[in-house]
Amino acid sequence: MSKFSEDVLTIVKQIPSGKVVSYGQVALLAGHPRAARQVGCILHFHGEEVPWWRVINNAGRISTKCIEHNADLQREFLREEEVEVGEDLSVDIAFYRWYFPETGS
DNA sequence: CGAATGACCAAGC
DNA sequence: GGCTTGGCCATTC
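Here's what the structure looks like:
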């Protein structure tokens, strides 16, 4: 577990229910604006201690390009938090996007 | 240290 | 708006 990983997890934990963020934003807060890939790689590795399901790509969709991560489960979690998810795992990111108070972006 | 990998991002079609 | 190409970066071998 590197410092980068801990920082990413700490940031993700701050995401409120019913909101979602992109990997790029988390990477930015972690101090590595271009390391969005590592963020996703780290998230699929732990359990419910961190709301990883609230983290999606900048296109507003749940990526399924890698190993069989529970994309279907993630959709269930989001809908439980009043976040509408399309059949193709698409989310209205423009409306549900959460902006971290620290950056104010 | 060099090469390969991955839940990405931005630009081009 | 969706698919394809190239590029970034940290971690692992």
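Numbering (this note's numbering), first residue to last: 127 to 231. Don't be surprised by glycine CBs; every beta carbon is placed ideally from N, CA and C.
Report the residue from Glu213, Leu204, His172 whose alpha carbon sits nearest the alpha carbon of Arg223.
-> Leu204
For Tyr149, count neighbouring C-beta atoms within 10 Å of its own C-beta (all shown protein chains included) and say buried if the count is 16 or more, exposed if not.
-> buried
In whole angstroms, what separates the C-alpha of Glu202 from that of Glu174?
-> 14 Å
Starting from Ala185, trace the alpha helix (DSSP H) both ways and give me its first and last residue.
-> Segment: none, Ala185 is in no alpha helix (DSSP H) and carries neither H nor E.
What's the call for Pro177, buried or exposed, on a 16-neighbour Cβ count within 10 Å?
-> With 16 or more other Cβ atoms within 10 Å, it is buried.
Taking the alpha carbon of Glu228 as the point to measure from, which residue in Ile137, Met127, Glu208, Glu132 has its own alpha carbon closest?
-> Ile137
Cα-Cα separation between Ala153 and Arg180, rounded to whole angstroms = Their backbone Cα atoms lie some 14 Å apart in a straight line.
Host alpha helix (DSSP H) of Arg223 (start-end) | From DSSP, Arg223 is part of no alpha helix (DSSP H); its letter is neither H nor E.
Can you tell me the Cα-Cα spacing of Glu206 and Leu199, whole angstroms?
-> 11 Å
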